[in-house]
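Structure first, commentary second.
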Amino acid sequence: MGYAGRPLLRDVDIAVHRCECVAVTGANGSGKTTLLRAVLGAAQVLGGSLEVSTPRVGYVPQRDSLASVVPATVGEVVAVGRLPLTDPLRRLRPSARRADREAVAAALDLVGLADRARTPMAQLSGGQQRRALVARALVAEPELLLLDEPTAGVDARHQRVLAEVLDRMRRAGVAVLVVTHEPAALAGAITRSLAVADGRVGTVAA
Ligand SMILES: Nc1ncnc2c1ncn2[C@@H]1O[C@H](COP(=O)(O)OP(=O)(O)OP(=O)(O)O)[C@@H](O)[C@H]1O
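Residues in the sequence shown are numbered consecutively from 1, following full-length UniProt numbering.
Given below as structure tokens:
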């Protein structure tokens, strides 16, 4: 896996199954984000094969500079997460629109931003923006959830909430792959750990 034909990670042999929450740790620049981006098709798979067995993929990016500069409210940013679920014709139906609204409200409530739906995204703090991006991934009702440092800049209380949410999703059958520098914060959810170093992905003993 890599960029512009140059490999960053070699001999990657991993599988993430339903009901698992797999943590990926490693030094800055080791290739953790690249691993997630390869799953999304945004980094190159230069050899071998990569199979994603569901179209329902939720993604919490490490940074989303666009989300914080476009003049959109928190509710609108989170609602974008529903788009893959709804074809344009379905979205015209009041019942579908109501389901979308309810999903957005429930996800905002879960991440503690229920009262911020109408606030411009750019007016949220860094940690609040990360929580909104988590909500955006949740409303997609993902079967595979990819998160890139979701606890960075998030206070202890909301880190605990996130760990509970991830654990609940995992138990409900979601496959979770989370890049983190703070595995202790998500210990309640993580079932297995991988470490990226020297261009390779290794298993971390439990
Ligand atoms: N789009 C890109 N094109 C070329 N090289 C890139 C691209 N994105 C990242 N890289 C390089 O790939 C390497 C790994 O980056 P990556 O973002 O995967 O690291 P990381 O392990 O997630 O780091 P961090 O802990 O700092 O987030 C870095 O040297 C980076 O400069």
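Note that the Cβ used here is the ideal one computed from N, Cα and C, for glycine as well. Being a predicted model, the structure only gives us computed values, none of them experimental.
The alpha helix (DSSP H) enclosing D148, as first and last residue numbers: Walking along the sequence shown from the start, residue 148 turns up at place 148. Secondary structure note for D148: it is in no alpha helix (DSSP H), and the uninterrupted beta strand (DSSP E) holding it is L144 to D148.
Any chance the CB of G31 is under 7 Å from a heavy atom of ligand 1? For the purposes of this step, residue 31 is identified with residue 31 of the sequence shown, where counting begins at 1. For G31, the CB falls within less than 7 Å of some heavy atom of ligand 1.
Host alpha helix (DSSP H) of V134 (start-end): Taking the first residue of the sequence shown as position 1, residue 134 is located at position 134. Here the alpha helix (DSSP H) through V134 covers G126 to L138.
From G188 to A163, what does the alpha carbon distance come to, in whole angstroms? The residue given as residue 188 occupies position 188 in the sequence shown. The residue given as residue 163 occupies position 163 in the sequence shown. In a straight line, the C-alpha of G188 is about 6 Å away from that of A163.
Taking H181 as the reference, which of D167, V154, A137 and R170 has the closest Cα? Stepping through the sequence shown from its first residue, residue 181 is reached at position 181. Scanning D167, V154, A137 and R170 for the CA closest to the CA of H181 turns up V154.
Roughly how many angstroms lie between the CA atoms of D115 and E143, to the nearest whole one? For the purposes of this step, residue 115 is taken as the residue at position 115 of the sequence shown. For the purposes of this step, residue 143 is taken as the residue at position 143 of the sequence shown. One Cα belongs to D115, the other to E143, and the distance between them is close to 28 Å.
When DSSP labels each residue in this structure, what does V178 get in the three-state scheme? Sequence index remark: in the sequence shown, residue 178 carries index 178 (1-based). The answer is strand: DSSP assigns V178 an E or B state.
State buried or exposed for T34, treating a residue as buried only when at least 16 other CB atoms are found within 10 Å of its CB. As a working mapping, residue 34 is identified with position 34 in the sequence shown. By the 16-neighbour rule on beta-carbons within 10 angstroms, T34 is buried.
What do you reckon, are the CB atoms on residue 210 and D64 nearer than 8 Å? Since the first residue shown for the chain is 1 and the last is 206, residue 210 is missing from the structure and cannot be characterised.
Alpha helix (DSSP H) segments (min. 4 residues) lying fully within the segment 32-98: Listed in chain order, they are 32-40, 65-69, 74-79 and 88-91.
Just to confirm, are L124 and A117 a CB contact at a threshold of 8 Å? Here residue 124 refers to the residue found at position 124 of the sequence shown. Here residue 117 refers to the residue found at position 117 of the sequence shown. The Cβ-Cβ distance between L124 and A117 does not fall below 8 Å.
Which two residues bound the contiguous alpha helix (DSSP H) that contains R116? For the purposes of this step, residue 116 is taken as residue 116 along the sequence shown, with counting starting at 1. Counting along the chain, R116 falls outside any alpha helix (DSSP H), and DSSP gives it neither H nor E.
Going by Cα to Cα distance, which pick from E141, V201 and V165 is closest to T151? By one-based count along the sequence shown, residue 151 stands at place 151. Looking from the CA of T151, the closest CA among E141, V201 and V165 belongs to V165.
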